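Here the structure comes first, spelled out in structure tokens, and everything after it is commentary.
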Amino acid sequence: MADDSTAPLLSRASTDSRDTSYSHKHHHQGPDSPSFQLSSESTPLLRHENAYSISYGTDNRRRSSASTTHSIEDPTKHLRRRRWPVVIAITTLLAAVLSTLVFGFAAPTAVKHYAQEAAVFKPQRIALDSATSEGVSIRVQGDFSLDGSRVKHPFVRSTGRIATWIAKEVETSKTQVDVYLPEYDNVLLGRAFLPAVKVNIREGHSNFIDIVANLQSGDVAGIRQVADDWMNGRLAQLRVQGTADVNIRSGILKFGSQAITADLAFTEQDIPHLPSFSIDKLNVHENPWNPQDPGIAVEVAVSISNDYALSVVIPPLGFDILLPNCIPTDPHILVADVTTETVNVEPALPAVVEVSGIVRRLPSELTRVCPGKKDSPLDLIISAYLKEHKTVIYVRGGDAPSSSTPAWMVDLLKSVTIPVPVTGHDFGQVIKNFSMADVHFSLPDPFAEPNSPEAQPKVSAMVKVMVELPEEMNFDVDIPHVRANVDIYYEGDQFGILDLSEWQPSNATRIDDPDSTRPLLLVTFEIKDGPIQVTNSDVFSDVVQSILFGSDPVELDLQALVDGELATTLGQFIIHDIPAQGTIDVKPSFGSSIGGLIKPKLESFEILHTTPSTISLQATVNFTNPTPYSASIPYIDCLMLFNETALAHVTGRDLLVVPGDNIGVVFEALWSPLAAGGDIGVIAGRELLSSYVSGLNTTVTLQAHEGSIPGLPDIGKALSGISVDFMVPRLGAPGDEGDGDDGDEEGTPHFIKDATLHLWSSTAVFTLISPLRHSTLYIDKIDAAAFYNHTEPIGRIDYDLPFAVPPGESETPKLPVTLDFGGVGYDAVRRALGGTLLMDAKAKVGVTLGEYSTTVFYQGKGIGAKVRI
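Using numbering that gives the first Met the number 0, the first residue of the sequence shown is number 0, and each one after it goes up by one.
What follows is the structure in structure tokens.
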């Protein structure tokens, strides 16, 4: 009868979504976390037996009944007095029956809802008491009370307050609670063994709970499935069902064993997220325990957040570290096994975990190129890390390093794989310094196929790169080979690509830098004929002009994808597409005086061919290269300009230009003022020749054009914006050992060695020096005038009979002179008889060289003429 009478008080199946299973009481909360509501009157936190008994306060107030005195004045009243006990007994019985009916049948649902909404448990400490062979013992401490103000419905609130005031205390016996997951085929999540608990359930009374519960894990396979869904963000909600047989009593009333089933639904907001973590220390170095055993030791200190009132001593554990494969469905790649030390977790404080392990080798599947791709799994991981993208490593339980670790814990951890997202590191400043020495440029082969490697300019150099390694990296590494594709930028605009797709041998040396706390790696490699593709001719032209004529260093930005062959203790492997960036400062070599620094000297030249409008010649030139760069030039053609008018093409073939002096460099030139500049070109050509033969300092301009480098019109177009001015070197006579720059003042003649004026015959003879070694020059006509003291006429020569000027030194025929006898000039001539007179001359001279003829205007100053009778 006791069971029947009390059955309505303890519902056998509670489906209210607010019900809380037993496992909810072990939800970790901090001391200051908000209180949470117990779900049913079957709470397993309540116990009171033996070692698990608890101390609590109760209010044993006794109620005194007021005595009523009756005055008996007659027999009738006496009869009534004898019947009062019966009335009182009946009344009491009826009241008891009514109470039983009300609270046993009419109000259990209300009391149940009251217990669900009013129950408050504030955990103060949840600690792992000890680990057993089958599970763990958890000690839970906190305050339990009922708060009727939390109940929304007035009837439920009033009924619950009355019922709990009457019952006052509730006691449960030892209980076993099984927790299942209905949405996962009712897999057994775990089992809890609770001690007996006794509490005061009157509203407002606080009960201090201090119990030790034994927990056992359930189906490992089922737990793994739930854990995988949770860690991969697929657990939007979770239903938990707890079942237990509970013996309940209140005072002297025993309600017997009650089969309790409670459901609890967790939403995504209720499910705790993975704790955050930070790496406090990372040290990667050679294996110190066994130098003969190749391997890399890794030591990590990880700080893991703990937002709950949880205190745990975690024994030493072992874990496997795995990396993702080519595709998510492929098995993860095991790279290392690590172990942890004993970890003491304090309530609401981060837990510091010391992790150490050995990486003995890199599995072949980690460095093998993925099917249909050019990258390996290692490439994909490193690329994501260096680009500061999130990558994922996987941690799975492994063999424990200590025998004290329970086997069930090891088995449970082995069944779970935790994805750990890792955000990459910024390596934007990894290149501390980038420099090139022994730079050698090679222009393309003019006869190469367009767009072929031979049709691109090339650069060779010794490259030195100072790499700043992460300070955690404390093991030797060598880089035997590198290759890269480098994009070159100037002021934010790309103008070229340096193609280093072929492997270049390299060497890496670890060095110490007192100015840096990080280890440095000096990587040196030699570039041999690396092709340069110009992508923007306008920007390239600006770069070259800034280098040639600027006064400030030219800053070039480099962005590259680098492949490196790494040799470490773990073996040799290749990593692809490592992003790198750097800056190169190129110092201008000339300023604005490049022509003066080149210092050209015309050693000799030879006429190859003539036409009525052109002269083809070959010249041997000495010049200086003031830059530290050398260049191989298979073919280049430039325009020669005078006063901004094109007159000739200057061509170089198979040139090798080195820093410093360059001796005996052969060029070919095609003098064609009419074809190059039209009628204006013909006039400008005469002016140039006239200025030059007159001994004046004559400046010409060399300028590239679109066809300067056949097969690379873009480079020619880019270089066309660059012009180099320099003085035309003075010609010397064949066999002259001078430097071609004798230091004579401007206007000193270079083709007239001397002159003799014969007064008696009124003729003059000139000694001429021809710079031509193999060709004879003809003077067709001379119309000249001589002056004394720059302005006083001496005489004129008008001669129209051609005569030859052979190579070397020769004399002209006797040229008739018409003397001006009435002027000051003639008096000066007479006074100089037998001596030498300095005079000036102006002449219009017609000359012929092969088939080419032209007229030049000659002006000479300070010509020393011998005056003879």
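Note that the Cβ used here is the ideal one computed from N, Cα and C, for glycine as well.
Source: prediction; values computed, not measured.
| message | Which residue marks the beginning of the beta strand (DSSP E) containing R138, and which one marks its end? | response | Within the sequence shown, the letter at position 139 stands for residue 138. Residues G134 to L145.
| request: Provide the residue(s) that pair with K598 in DSSP beta bridges, ordered along the chain. | output: Taking the first residue of the sequence shown as position 1, residue 598 is located at position 599. Looking at the DSSP output, K598 bridges to nothing.
| What alpha helix (DSSP H) runs, 4 residues minimum, are completely inside the region 148 to 207? | Uninterrupted alpha helix (DSSP H) stretches at least 4 residues long and entirely within the region 148 to 207 occur at 153 to 166, given in chain order.
| task | Give the straight-line distance between the Cα atoms of D209 and A126, rounded to the nearest whole angstrom. | result | In the sequence shown, residue 209 corresponds to position 210, counting from 1. In the sequence shown, residue 126 corresponds to position 127, counting from 1. Their backbone Cα atoms lie some 11 Å apart in a straight line.
| If you draw a straight line from the C-alpha of I862 to the C-alpha of F666, how long is it? | Position 863 of the sequence shown, counted from the start, is the residue given in the question as residue 862. Position 667 of the sequence shown, counted from the start, is the residue given in the question as residue 666. Between the alpha carbons of I862 and F666 lies a gap of roughly 33 Å.
| message | With distance defined between alpha-carbon atoms, name the residue in K463, Y777 and V553 nearest to E490. | response | Here residue 490 refers to the residue found at position 491 of the sequence shown. Among K463, Y777 and V553, the Cα nearest to that of E490 belongs to V553.
| In whole angstroms, what separates the C-alpha of M435 from that of V481? | Residue mapping note: residue 435 aligns to position 436 of the sequence shown, counting from 1. Residue mapping note: residue 481 aligns to position 482 of the sequence shown, counting from 1. The C-alpha of M435 lies about 16 Å from the C-alpha of V481.
| request: Kindly indicate which three-state DSSP category D269 falls into: helix, strand or coil? | output: As a first step, residue 269 must be located in the sequence shown, where it is residue number 270. The answer is coil: DSSP assigns D269 none of H, G, I, E or B.
| said: Between which residues of its own chain and E744 is the CB-CB distance below 6 Å, once the five residues before and five after are set aside? | reply: Counted from its first residue, the sequence shown places residue 744 at position 745. The predicted model places E744 with a pLDDT of 46, which falls under 50 and marks its position as unreliable; any figure quoted below should be read in that light. Spatial neighbours of E744 in its own chain (CB-CB distance under 6 Å, excluding positions within 5 residues in sequence) are not present.
| query | For P801 versus D779, is the C-beta spacing smaller than 7 Å? | reply | What you label residue 801 is simply residue 802 of the sequence shown in a count that begins at 1. What you label residue 779 is simply residue 780 of the sequence shown in a count that begins at 1. Yes, they are a contact pair.
| task | Just grab the DSSP bridge partners of R395 for me. | result | Position 396 of the sequence shown, counted from the first residue, corresponds to residue 395. Per DSSP, D319 and T416.
| message | Any contact between the region 627 to 634 and the region 604 to 615? By contact I mean 3 or more CB pairs, one from each, below 8 Å. | response | Because the criterion of three Cβ pairs below 8 Å is not met, the region 627 to 634 and the region 604 to 615 do not touch.
| request: Find the nearest neighbour of S355 within the set H704, T338 and V466, judged by alpha-carbon distance. | output: Translated into the one-based positions of the sequence shown, residue 355 becomes position 356. Ranking H704, T338 and V466 by Cα distance to S355 puts T338 first.
| task | Take every Cβ of the region 196 to 216, pair it with every Cβ of the region 255 to 266, and state whether three or more of those distances are shorter than 8 Å. | result | As far as the Cβ criterion goes, the region 196 to 216 does not touch the region 255 to 266, which means the pair count is below three.
| field | DSSP beta-bridge partners of K843 | value | In the sequence shown, residue 843 corresponds to position 844, counting from 1. Bridge partners of K843: D782 and F856.
| field | E387, DSSP secondary structure in three states | value | Numbered from 1 along the sequence shown, position 388 holds the residue referred to as residue 387. Coil, per DSSP.
| query | Which first and last residues belong to the beta strand (DSSP E) in which E364 is found? | reply | Within the sequence shown, numbered from 1, the residue matching residue 364 stands at position 365. Premise fails: E364 lies in the alpha helix (DSSP H), S363 to T366, not in any beta strand (DSSP E).
| task | Report the residue from P122, A763, S157 and F786 whose alpha carbon sits nearest the alpha carbon of E116. | result | Against the sequence shown, residue 116 aligns to sequence position 117. Checked all of P122, A763, S157 and F786; the closest Cα to E116 is S157.
| Where S402 and S414 are concerned, what is the direct C-alpha to C-alpha distance, given to the nearest angstrom? | For this step, residue 402 is matched to residue 403 along the sequence shown. For this step, residue 414 is matched to residue 415 along the sequence shown. Using only the alpha carbons, I get a separation of about 19 Å.
| task | Within the same chain, show all residues whose beta-carbon is closer than 6 Å to that of R238, passing over the 5 residues directly before and after it, in chain order. | result | By 1-based counting over the sequence shown, the position of residue 238 is 239. Short of 6 Å from the beta carbon of R238, and not among the five residues preceding or following it, lie these beta carbons of its own chain, in chain order: P181, E182 and A264.
| query | How long is the line joining the alpha carbons of G371 and I635, rounded to whole angstroms? | reply | As a first step, residue 371 is located in the sequence shown; it is residue number 372 there, counting from the start. As a first step, residue 635 is located in the sequence shown; it is residue number 636 there, counting from the start. Distance between the alpha carbons of G371 and I635: 44 Å.
| message | Measuring only the C-alpha atoms, how far is D227 from H204? | response | Taking the first residue of the sequence shown as 1, we reach residue 227 at position 228. Taking the first residue of the sequence shown as 1, we reach residue 204 at position 205. Per the coordinates, the alpha-carbon of D227 lies some 42 Å from the alpha-carbon of H204.
| query | Contact between the region 785 to 792 and the region 817 to 834: three or more CB pairs below 8 Å? | reply | Yes, the region 785 to 792 touches the region 817 to 834.
| field | Supposed contact pair S144 and V119 - C-beta distance, whole angstroms, cut 8 Å | value | Locating residue 119 in the sequence shown gives position 120, counting from the first residue. Locating residue 144 in the sequence shown gives position 145, counting from the first residue. Going by Cβ atoms, the distance from V119 to S144 rounds to 5 Å, so yes, they are a contact pair.
| said: Our contact map puts G581 next to L557 with C-beta atoms below 8 Å; I'd like the distance itself, whole angstroms only. | reply: Counting from one through the sequence shown, the residue named residue 581 turns up at place 582. Counting from one through the sequence shown, the residue named residue 557 turns up at place 558. Contact between G581 and L557 holds: their C-beta atoms lie close to 5 Å from each other, under 8 Å.
| task | State the Cα-Cα distance for the pair A12 and D262, rounded to the nearest angstrom. | result | On the sequence shown, position 13 is the one that residue 12 refers to. On the sequence shown, position 263 is the one that residue 262 refers to. Summary for A12: the model assigns pLDDT 33, below 50, so the residue's position carries little reliability; its value from the coordinates is reported in the next sentence. Looking at the backbone, the Cα of A12 and that of D262 are separated by about 9 Å.
| Own chain partners of S852 with C-beta closer than 8 Å, once the 5 adjacent residues on each side are dropped | As a first step, residue 852 is located in the sequence shown; it is residue number 853 there, counting from the start. Result list for S852: P611, D779, G845 and V846, in chain order.
| Where the alpha helix (DSSP H) containing Y634 begins and where it ends | In the sequence shown, residue 634 corresponds to position 635, counting from 1. No alpha helix (DSSP H) holds Y634; the beta strand (DSSP E) holding it covers S629 to F641.
| query | Ends of the beta strand (DSSP E) at E525? | reply | Locating residue 525 in the sequence shown gives position 526, where the first residue counts as 1. E525 -> beta strand (DSSP E) spans L519 to V533.
| task | Identify the continuous beta strand (DSSP E) that holds W670 and give its terminal residues. | result | Against the sequence shown, residue 670 aligns to sequence position 671. It spans G659 to W670 - the beta strand (DSSP E) in which W670 sits, taken as one unbroken run.
| request: Give every residue of the same chain whose Cβ lies closer than 6 Å to the Cβ of F856, excluding the five residues on either side of it in the sequence, and list them in chain order. | output: What you label residue 856 is simply residue 857 of the sequence shown in a count that begins at 1. Cβ within range, chain order: S689 and K843.
| said: Classify T495: buried if its beta carbon has 16 or more other beta carbons within 10 angstroms, exposed otherwise. | reply: On the sequence shown, position 496 is the one that residue 495 refers to. The sequence given here places Gly at residue 495; Thr does not occur at that position. Buried is the label assigned to G495, since at least 16 other Cβ atoms lie within 10 Å of its Cβ.
| Can you find at least 3 beta carbon pairs, one from the region 759 to 769 and one from the region 805 to 820, that sit closer than 8 Å? | Remark: three or more beta-carbon pairs, one from each stretch, lie closer than 8 Å, so the region 759 to 769 and the region 805 to 820 are flagged as touching.
| query | Is the beta carbon of H704 sitting closer than 7 Å to the one on D374? | reply | What you label residue 704 is simply residue 705 of the sequence shown in a count that begins at 1. What you label residue 374 is simply residue 375 of the sequence shown in a count that begins at 1. No, these two residues do not count as a Cβ contact at 7 Å.
| task | Pull up the distance between the alpha-carbon of S136 and that of D128, whole angstroms please. | result | Sequence index remark: in the sequence shown, residue 136 carries index 137 (1-based). Sequence index remark: in the sequence shown, residue 128 carries index 129 (1-based). Approximately 5 Å, taken between the alpha carbons.
| query | Does DSSP put D537 in a helix, a strand or coil? | reply | Here the question's residue 537 lines up with position 538 in the sequence shown. Here D537 sits in helix by DSSP.
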